[in-house]
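One structure below.
There are 2 protein chains.
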Amino acid sequence: MIPTPYLLFLGDAQDQLSAKVAQGIKDWRPENAVGQLRLAGCGADIGLNDLTLEAAKAAGAQTLVIGVANRGGVISQAWKDVLIQALNMGFDIASGLHNLLSDEADLVEAARANGRQLHDVRIPSVAYPIADGVKRSGKRCLAVGTDCSIGKMYTSLAVDAEMRKRGLKSTFRPTGQTGILITGSGVPLDAVVADFMAGAVEYLTPDNDDDHWDHIEGQGSLFHASYSGVTLALIHGGQPDALILAHEPTRTHMRGLPHYGLPSLETLRDTALLLARVVNPACEVVGISVNTQHLNEADAIKCLTDIEARMGLPTVDPFRHGAGRLVDALAAM
Amino acid sequence: MIPTPYLLFLGDAQDQLSAKVAQGIKDWRPENAVGQLRLAGCGADIGLNDLTLEAAKAAGAQTLVIGVANRGGVISQAWKDVLIQALNMGFDIASGLHNLLSDEADLVEAARANGRQLHDVRIPSVAYPIADGVKRSGKRCLAVGTDCSIGKMYTSLAVDAEMRKRGLKSTFRPTGQTGILITGSGVPLDAVVADFMAGAVEYLTPDNDDDHWDHIEGQGSLFHASYSGVTLALIHGGQPDALILAHEPTRTHMRGLPHYGLPSLETLRDTALLLARVVNPACEVVGISVNTQHLNEADAIKCLTDIEARMGLPTVDPFRHGAGRLVDALAAM
Numbered sequence: 001m002i003p004t005p006y007l008l009f010l011g012d013a014q015d016q017l018s019a020k021v022a023q024g025i026k027d028w029r030p031e032n033a034v035g036q037l038r039l040a041g042c043g044a045d046i047g048l049n050d051l052t053l054e055a056a057k058a059a060g061a062q063t064l065v066i067g068v069a070n071r072g073g074v075i076s077q078a079w080k081d082v083l084i085q086a087l088n089m090g091f092d093i094a095s096g097l098h099n100l101l102s103d104e105a106d107l108v109e110a111a112r113a114n115g116r117q118l119h120d121v122r123i124p125s126v127a128y129p130i131a132d133g134v135k136r137s138g139k140r141c142l143a144v145g146t147d148c149s150i151g152k153m154y155t156s157l158a159v160d161a162e163m164r165k166r167g168l169k170s171t172f173r174p175t176g177q178t179g180i181l182i183t184g185s186g187v188p189l190d191a192v193v194a195d196f197m198a199g200a201v202e203y204l205t206p207d208n209d210d211d212h213w214d215h216i217e218g219q220g221s222l223f224h225a226s227y228s229g230v231t232l233a234l235i236h237g238g239q240p241d242a243l244i245l246a247h248e249p250t251r252t253h254m255r256g257l258p259h260y261g262l263p264s265l266e267t268l269r270d271t272a273l274l275l276a277r278v279v280n281p282a283c284e285v286v287g288i289s290v291n292t293q294h295l296n297e298a299d300a301i302k303c304l305t306d307i308e309a310r311m312g313l314p315t316v317d318p319f320r321h322g323a324g325r326l327v328d329a330l331a332a333m
Numbered sequence: 001m002i003p004t005p006y007l008l009f010l011g012d013a014q015d016q017l018s019a020k021v022a023q024g025i026k027d028w029r030p031e032n033a034v035g036q037l038r039l040a041g042c043g044a045d046i047g048l049n050d051l052t053l054e055a056a057k058a059a060g061a062q063t064l065v066i067g068v069a070n071r072g073g074v075i076s077q078a079w080k081d082v083l084i085q086a087l088n089m090g091f092d093i094a095s096g097l098h099n100l101l102s103d104e105a106d107l108v109e110a111a112r113a114n115g116r117q118l119h120d121v122r123i124p125s126v127a128y129p130i131a132d133g134v135k136r137s138g139k140r141c142l143a144v145g146t147d148c149s150i151g152k153m154y155t156s157l158a159v160d161a162e163m164r165k166r167g168l169k170s171t172f173r174p175t176g177q178t179g180i181l182i183t184g185s186g187v188p189l190d191a192v193v194a195d196f197m198a199g200a201v202e203y204l205t206p207d208n209d210d211d212h213w214d215h216i217e218g219q220g221s222l223f224h225a226s227y228s229g230v231t232l233a234l235i236h237g238g239q240p241d242a243l244i245l246a247h248e249p250t251r252t253h254m255r256g257l258p259h260y261g262l263p264s265l266e267t268l269r270d271t272a273l274l275l276a277r278v279v280n281p282a283c284e285v286v287g288i289s290v291n292t293q294h295l296n297e298a299d300a301i302k303c304l305t306d307i308e309a310r311m312g313l314p315t316v317d318p319f320r321h322g323a324g325r326l327v328d329a330l331a332a333m
């Protein structure tokens, strides 16, 4: 667990898009952030109060979270000056960067000297078990996509938020670094050793109340040649009761694989359901989440209506129109 | 690459079964082994000449291969005495044990002092790429099983051996520690980090002559909740042109998962083919390999005949009756 609340470090972010982690925390767990810290030339602003380290400390911040992508794969000296000062002031530091905090000798030394933790959420901190496939209590929902990076995390966060708003028992279970930083814990599944992937998902989603829903963050796609194994481990470790299909209607090929087309929603439905029923024969597909960000409102509505008519399942863009109908479908199970 | 030929270390093996790695090397690559080395009380004998380290060295041995499982998860002092002497005499050492040679300070020091290598084949020694899914030249065959530990490696080794006997171009591509020790190289897939699994399989089976066959060692099963992700990464990284279904007819539940039944061969065929065609639309199932070790000859023949009639595919136990009909089917593609 990463101690909350956070101060969000935006550094010298190139632009708003590079502050995606900080934006995710602000959108989904605003109670986890007391403010933002920006360096000279920062091109991002997520709309929180600009706080100094001192002011953030006074406001109760426990951890400085790196909320931006860094440039050129190095942690610059300008960043380090702030990070070391933060450690000296008693902050933990958390990061999902590819280059690890724990590979930087000066940060390691400053953390040690101050008794603070460096949280590199991109690498596992737990020795996960091998999956045993034993049925667990509680309910689980997993979004599976026609492709990677298609809105699965957003969908699960939106469904979780709507469930909690309705007073239902619900937990978002992150499997990637952004999700882990948003909530403060989770499993960095793409960095787990092959034999332990499904076991890591079982560890992430343990027995729970019968009326509690885990919303497991999806990864990859069964149809993405690079990452499909991670997706299947999520399905078999997650034992989902419910699947939500995630799709982006304007994508012309699989992300990063220009010679691969996307599967149809029908193929995704049938394949994911067949594989999910290996571990949970009662699993059902409950709805479809369509990422319509590249469509205007009229085209988005038409796209959603067409898919809903074709597939016979509640079909929404949770960003545009909320996740209410997906929650209705889950609550009806 | 592990330098060959080997001297096979059987230590104080409990019984013949515990010397499975040494037996595999003797069965499949006898030219890789100059002899065996046994300690007092050794309960295994794989039928090679008993050689001292000196005699093995004189016979050209380059590497001492640990050909047995060790007891109690420790490398005993009796073993270490031999291993250190071997390093001092200029042998490399290779091992697929869970406890790593490289975790033993005295072995590391002796290897360093003598300029020798410790080959822990259970851990990856390469930074594998992320899979790009680009079509590669040459042909690839993968065995997929209704369960784990069902004869997939044996099937691929037997098909490879028969192809080479017929003068066809063929390479066995190991993905587990036994296979790696048999041939001297490969990818320990179950120890690869999730994001790189499919890329490791692409690395293992690069472009080749159009009439060359790679026989990729299978792992896990699409229907085994603990390891299915590894299997799917093999299918998508391997781009198989041909699949062989592997089955063990007397097994009553999935290995290690007493509450899971096995899928039918029809379900395995349809699911594996659907997923393989994502990366290779021309993929076909060419035959079935049945492990009949728990059946008498009459029952085995009946089992094979029944399955062949039902599935309409060449069905053999390669251990009992050879892999000829599977090679016929591959050669006809």
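Order-wise, the sequence lines are chains B and A. Positions 1 to 333 (UniProt numbering) are the ones given, in order, by the first sequence. Positions 1 to 333 (UniProt numbering) are the ones given, in order, by the second sequence. A virtual CB, placed ideally from N, CA and C, is assigned to each residue, including glycine.
Task: Local conformation of residue 334/A per DSSP, three classes - done: This structure cannot speak to residue 334/A, because chain A is shown only from 1 to 333.
TODO: Would you tell me roughly how many angstroms separate the C-alpha atoms of R145/B and L87/B, rounded to the nearest one?
DONE: Looking at the sequence shown, residue 145/B is not Arg but Gly. For G145/B and L87/B, the distance between alpha carbons rounds to 40 Å.
Task: Three-state class that DSSP yields for L313/B in the structure shown - done: coil
TODO: Give the range of the alpha helix (DSSP H) segment to which A233/B is assigned.
DONE: Per DSSP, A233/B belongs to the alpha helix (DSSP H) from S228 to G238.
Open item on the list: At the 7 Å Cβ level, is F196/B part of the contact set with chain A, yes or no?
Closed with: no
Task: Uninterrupted beta strand (DSSP E) stretches inside the region 50-95 of chain A (no shorter than 3 residues) - done: 63-66 and 92-95
- [ ] Output the boundary residues of the alpha helix (DSSP H) element that contains I25/A.
- [x] Counting along the chain, the alpha helix (DSSP H) containing I25/A begins and ends at K20 to W28.
Task: Contact under 7 Å by Cβ, D120/A with L100/A - done: yes
Open item on the list: Quick check: A246/A and T155/A, are their CB atoms within less than 7 Å of each other?
Closed with: yes
- [ ] Compare the Cα-Cα distances from residue 334/A to each of A13/A, K139/A, W213/A and V230/A and report the closest residue.
- [x] Here chain A has residues from 1 to 333 only, and residue 334/A is not among them.
Open item on the list: Assuming A13/B and V68/B are in contact, meaning their beta carbons sit under 8 Å apart, how far apart are those beta carbons, in whole angstroms?
Closed with: 4 Å
Open item on the list: If contacts are defined as beta-carbon pairs under 8 Å, then E162/A and V327/A qualify, I think. What distance do you get, rounded to the angstrom?
Closed with: For a cut-off of 8 Å, the C-beta gap from E162/A to V327/A is around 5 Å, short enough to register as a contact.
- [ ] Measure the C-alpha to C-alpha separation of D207/A and G138/A and round it to an integer number of angstroms.
- [x] 6 Å
- [ ] Quick one: grab the DSSP three-state call for D195/B.
- [x] helix
Task: Chain-ordered chain A contacts of D190/B [CB-CB under 7 Å] - done: A194 and D195
Task: Coil, strand or helix - H259/A by DSSP - done: coil
TODO: Give the DSSP-derived three-state secondary structure of E266/A in the structure shown.
DONE: Helix.
TODO: Less than 8 Å between the CB atoms is what I'm expecting for I2/B and G184/B, so what's the real figure, rounded?
DONE: 4 Å
Open item on the list: Let me make sure I understand the geometry here. Which of D195/B, F172/B, I180/B and H253/B has the alpha-carbon closest to that of D214/B?
Closed with: F172/B
Open item on the list: Please list, in chain order, the chain A residues whose beta carbon lies closer than 9 Å to that of I130/B.
Closed with: Within chain A, the residues near I130/B are S226, Y227 and G256.
- [ ] Report yes or no: is there a C-beta of chain B within less than 7 Å of the C-beta of V278/A?
- [x] Judged by the 7 Å Cβ criterion, V278/A is in contact with chain B.
TODO: Could you tell me the distance, in whole angstroms, from the CA atom of L273/B to the CA atom of C141/B?
DONE: 12 Å
Task: Interface flag, A233/A vs chain B, CB-CB below 7 Å - done: yes
- [ ] From the DSSP output, in three-state form, read off R38/A for me.
- [x] strand
- [ ] Alpha carbon to alpha carbon, how far is K152/A from V193/A? Give it in angstroms, no decimals.
- [x] 23 Å
- [ ] Determine the DSSP secondary structure at D214/B, reduced to helix, strand or coil.
- [x] strand
- [ ] My understanding is that residue 334/B touches Y227/A, with C-beta atoms under 8 Å, so please give their C-beta distance in whole angstroms.
- [x] With chain B represented from 1 up to 333, any question about residue 334/B goes unanswered, as that position is not in the structure.
Open item on the list: Just to make sure I have the definition right: I need the residues of chain B whose C-beta is within less than 9 Å of the C-beta of Y260/A. Which are they?
Closed with: G133, V278 and V279
- [ ] Name, going along the chain, the residues of the region 266-277 of chain A whose beta-carbon falls closer than 9 Å to a beta-carbon of chain B.
- [x] T267, D270, T271, L274 and L275: these are the residues of the region 266-277 of chain A whose beta carbon lies less than 9 Å from some beta carbon of chain B, given in chain order.
Task: Neighbour flag for F91/A against chain B, beta carbons, 7 Å - done: no
Task: Neighbouring residues, chain A, relative to G199/B (Cβ below 8 Å) - done: S226
Open item on the list: According to DSSP, is Y6/A part of a helix, a strand, or is it coil?
Closed with: Residue state, collapsed to three classes: strand.
Open item on the list: DSSP three-state label for C303/A, please.
Closed with: helix
TODO: Would you kindly check if the distance between the Cβ of D147/B and the Cβ of M311/B is under 7 Å?
DONE: no
- [ ] Out of D15/B, A59/B and I75/B, state which residue places its alpha-carbon closest to the alpha-carbon of I46/B.
- [x] D15/B
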